[in-house]
Amino acid sequence: MNDQCSHGISWGSKCLDCDVARAREIVSRWGAYVDESRMVIAEAQASEVEIAREHAQ
12 MNDQCSHGIS WGSKCLDCDV ARAREIVSRW GAYVDESRMV IAEAQASEVE IAREHAQ
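First residue of the sequence shown? That's 12 in our numbering, and the numbers climb one at a time after it.
Okay, structure coming up:
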């Protein structure tokens, strides 16, 4: 196996081109799921805050 990425950077070092390619792949494959999951988390956190306010009164 090669000890460098296709951009010539050693595997132990940070390669911006590889990072961007990986991020694009993640968004392409999982973007809709990530967006949906963030909405669920935000709604749950908002509910937790509302419940905490109700108990504080």
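For glycine and all other residues, C-beta sits at the position ideal for the given N, C-alpha and C.
This one's a predicted model, so the numbers in the text were calculated from it and none came from an experiment.
Subject >> Alpha-carbon spacing of HIS66 relative to TYR44, whole angstroms >> reply: 33 Å
**OP:** Measure the beta-carbon distance from HIS18 to ASP30 and round it to whole angstroms, keeping in mind my assumption that it falls under 8 Å.
**Re:** With 8 Å as the limit, HIS18 and ASP30 do not qualify as a contact, their Cβ atoms being about 10 Å apart.
Original post:
Roughly how many angstroms lie between the CA atoms of GLU36 and CYS26, to the nearest whole one?
Top reply: 15 Å
Original post:
Nearest-angstrom Cα distance between ILE20 and ARG33?
Top reply: 15 Å
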